[in-house]
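The letter at position 199 of the sequence shown is residue 199 when you use the UniProt record's numbering, and the numbering goes up by one with no holes.
To start, the structure under review is shown below, and the notes come after it.
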Amino acid sequence: MKTFGRLARSSARFARLYSTNRGAKNSGVRLSLVSGSLVVGVGLGLVTSNYLLPSSEKQIFPLKSTTPLASLDPPKYGSSEDLKLCINEIIRVIGADNVRNSEAELEHHADNGFNPTKALPHQKPEWIVYPTSTEEVSAVMKIINRYNIPVVPFSGGTALEGHTYSTRPGIVLNTSKLNKILDVHHRDLDAVLQAGVGWQQLNEHLASVPEYQNLMLGCDCGPGAHVCGMVNTNASGIGATRYGSMVANVISITVVLADGTIIKTKKRPRKSSAGYNLTGLFVGSEGTLGIVTEVTVKLQVKPPFETVAVVQFPTIKNSADTVVELFQKGIQLNAVELLDSGIMKCINYSNLVSKQYDNVPTLFFKIAGLNETVVQEYIKEVERISHKNHCSKFEFARSEEESAELFSTRKNSLYLMLDYAYNEIDENAKMWITDFAVPLSKLAATLEEIDKVASTYPLPHMALGHVGDGNIHYDVFYKPGEYEIAKKLVAEMNRITLKNEGTCSGEHGIGTGKRKFLEDELGVDAIDLMRKLKVALDPKRLLNPDKIFKIDPLDPSGE
1 MKTFGRLARS SARFARLYST NRGAKNSGVR LSLVSGSLVV GVGLGLVTSN
51 YLLPSSEKQI FPLKSTTPLA SLDPPKYGSS EDLKLCINEI IRVIGADNVR
101 NSEAELEHHA DNGFNPTKAL PHQKPEWIVY PTSTEEVSAV MKIINRYNIP
151 VVPFSGGTAL EGHTYSTRPG IVLNTSKLNK ILDVHHRDLD AVLQAGVGWQ
201 QLNEHLASVP EYQNLMLGCD CGPGAHVCGM VNTNASGIGA TRYGSMVANV
251 ISITVVLADG TIIKTKKRPR KSSAGYNLTG LFVGSEGTLG IVTEVTVKLQ
301 VKPPFETVAV VQFPTIKNSA DTVVELFQKG IQLNAVELLD SGIMKCINYS
351 NLVSKQYDNV PTLFFKIAGL NETVVQEYIK EVERISHKNH CSKFEFARSE
401 EESAELFSTR KNSLYLMLDY AYNEIDENAK MWITDFAVPL SKLAATLEEI
451 DKVASTYPLP HMALGHVGDG NIHYDVFYKP GEYEIAKKLV AEMNRITLKN
501 EGTCSGEHGI GTGKRKFLED ELGVDAIDLM RKLKVALDPK RLLNPDKIFK
551 IDPLDPSGE
């Protein structure tokens, strides 16, 4: 044992010296204790102690804390023959009815119509797989891992940055059949859901059960979104002002890893200091680290009394300054939505609202409290601050029906904008839906500068957002042939956002569309750290390849 200890110390010292003298490149020195055996790798050679039994699965892990892209070889995926064998095995496990490759199925999983970055013909998936349980997802992933087939997790399909599109021809694993509400613990204010449960489905279920009727999920993002996708992009929605983004509403997650291993990140208590925050690691990971199959979410209590106020302003700055001052005063608001003059024009154009509004920047507030008296006091303060910032119109809903109508219109503003665009801009108009977020104190300056720059482009544009947490969606319309112009404008918006200490995405995520923006925001070392985590959990780079950051040094995209 003394000899072994001396050898270990000498080898470790040699590794440190070699690392210091040669820059510790990933292809240089590697030192690890594997199954009790000391392994030192120098260049392409290996020096292994002979004092312990060798391991059949020695893992030589690079010494660097990060993984630069240049340190990786290109991923090696299975051949078309391997894919056929893989699919045949999957069929034996989950049945032929749950494995499909019709043209309609493949097309549905290749484009939802809202992503500006599209999958190229050679990138489209070749098979769609529909498991129905966590155990089936695990079994499928074990087969996929054996054949080295790239796989893209998919469920609601509402993502806006290409997260669910294939970049490598392979398999899409669709979890939409995992759609059961497994349990509701109303006394603990939480619910256990399978991955394919939609937030609307959950809220409808809660509303249908008398003892659950005062409960809801706080996150209310785009219609049709499923809980696993909301976890994967850290989605927000209108309710984020009061209840936070998805990361604040998730208690624990069941995840299937790339090799089929099943883990649960935490038990059900809301508070825990038990080890690493694995839940937080998977929230926002966009399916690149594992496949979410179950989620335990927090449930929020619906406010006993709530009303909606609509406040109009002459300028974007007036409206943004109002929001900042309200929060500085500590006034609790359940939602704060900003719609610019362009969005208001679309709403009036739709004739779906019982009254007409001026086509000027408008704030929609949800103001709630224990009773009407409390809410009236809040309304007085909101009105006072709004008038201080030069509001031109202030009114609040006189009934629950009117409140529901106003916010229903806001929730469906995407479709109202598209209706306006197809009829008034061009029948083939496209919409680039982007988002960003800035600190509240930077909100007015950011919106003003973006609006000024956007006005120099020949493209109609509109802004709306959850300004209670500084999250803005800027939507740019472009005709066929104007894609590159729109792309340049979106890049300008991101530059302005970062200059104001903001983020390139408040809730839509990165996907393939914002990889360059993420690097501009966080820097190369932070991206290299993310890549290190990726290859640690998914060394074959099978899960949702090419999303968030590059995993292939030969990636031809240039972004």
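All residues carry an ideal CB built from backbone N, CA and C; glycine is no exception.
Partner residues in a beta bridge of aspartate 538, as assigned by DSSP, do not exist. Under the Cβ criterion (8 Å, minimum of three pairs), the stretch 336-346 counts as touching the stretch 405-421. For isoleucine 385, there is no enclosing beta strand (DSSP E); the residue is part of the alpha helix (DSSP H) that begins and ends at 372-388.
Along the stretch 291-371, the beta strand (DSSP E) occurs as fully enclosed runs of 3 or more residues at 291-298, 305-312, 335-339 and 362-369, listed in sequence order.
Between glutamine 194 and the set Leu202, Asp188 and His466, the nearest pair of CA atoms involves Leu202. Leucine 106 is positioned such that its CB atom lies no closer than 8 Å to that of proline 75. If the five residues before and after lysine 532 are omitted, its C-beta is found closer than 6 Å to the C-beta atoms of Thr66 and Thr67, all from its own chain and listed in chain order. Only residues of its own chain outside the window of five on either side were considered, and among them Asp435, Phe436 and Lys514 have a CB closer than 7 Å to the CB of serine 505, listed in chain order. Contact check for valine 292 against valine 255 passes: the beta carbons are separated by less than 8 Å. Pairwise C-beta distances place the stretch 84-92 out of contact with the stretch 176-196, as fewer than three of them are shorter than 8 Å. Around the beta-carbon of histidine 185, fewer than 16 other beta-carbon atoms lie within 10 Å, marking it exposed.
Closest in C-alpha terms to alanine 397, from the list Pro480, Glu306 and Leu370, comes Glu306.
Annotation: the stretch 102-137 contains the following complete segments of the alpha helix (DSSP H) (minimum length 4 residues), in chain order: 103-108.
The secondary-structure analysis by DSSP pairs leucine 418 with nothing; it has no beta-bridge partner. Rounded to the nearest angstrom, the gap between the Cα atoms of proline 131 and asparagine 234 is 24 Å. At the C-beta level, threonine 296 and valine 192 come within 8 Å of one another. Assigned with DSSP and collapsed to three states, proline 210 falls in helix.
Beyond the five residues adjoining it in sequence on each side, lysine 267 comes within less than 7 Å, by CB distance, of Ser252 in the same chain, given in chain order. Within the same chain, Cβ atoms closer than 7 Å to the Cβ of phenylalanine 517 are found at Asn494 and Cys504, the five residues on either side in sequence being excluded. Taking a C-beta distance under 8 Å as the contact criterion, glycine 78 and asparagine 148 qualify as a contact pair.
If you check the CB distance, glycine 511 and glutamate 286 come in under 8 Å. Secondary structure in the stretch 133-195: the beta strand (DSSP E) runs of 3 residues or longer, each lying completely within the stretch, are 151-154, 171-174, 181-185 and 190-194 in chain order. Under DSSP, arginine 100 shares a beta bridge with Ile128. Exclusion of the five residues before and after histidine 461 leaves Ala454 and Val476 as the residues of its chain whose Cβ lies within less than 6 Å of its Cβ.
Membership of tyrosine 243 in any beta strand (DSSP E) is not indicated; the residue belongs instead to the alpha helix (DSSP H) covering 240-243.
If you draw a straight line from the Cα of valine 137 to the Cα of threonine 167, it is about 21 Å long. Look at isoleucine 262 here: in three-state DSSP terms it is strand. Only exposed fits threonine 373, as fewer than 16 other CB atoms lie within 10 angstroms of its CB. A check of alpha carbon separations from proline 223 across Gly198, Lys452 and Glu521 identifies Gly198 as the nearest. Residue state for glycine 280 is assigned as helix, using DSSP reduced to three classes.
As computed with DSSP, glutamate 395 is found in a beta bridge with Val310.
Taking 8 Å as the cut-off, the Cβ atoms of methionine 431 and isoleucine 343 do not count as close. Distance from the CA atom of leucine 443 to the CA atom of histidine 473, rounded to whole angstroms, is 13 Å. Residue burial is scored here from C-beta neighbours: serine 155 has at least 16 other C-beta atoms within 10 angstroms and is therefore classed as buried. The alpha-carbon separation between tyrosine 457 and isoleucine 485 amounts to approximately 8 Å.
If you draw a straight line from the Cα of aspartate 451 to the Cα of lysine 271, it is about 43 Å long.
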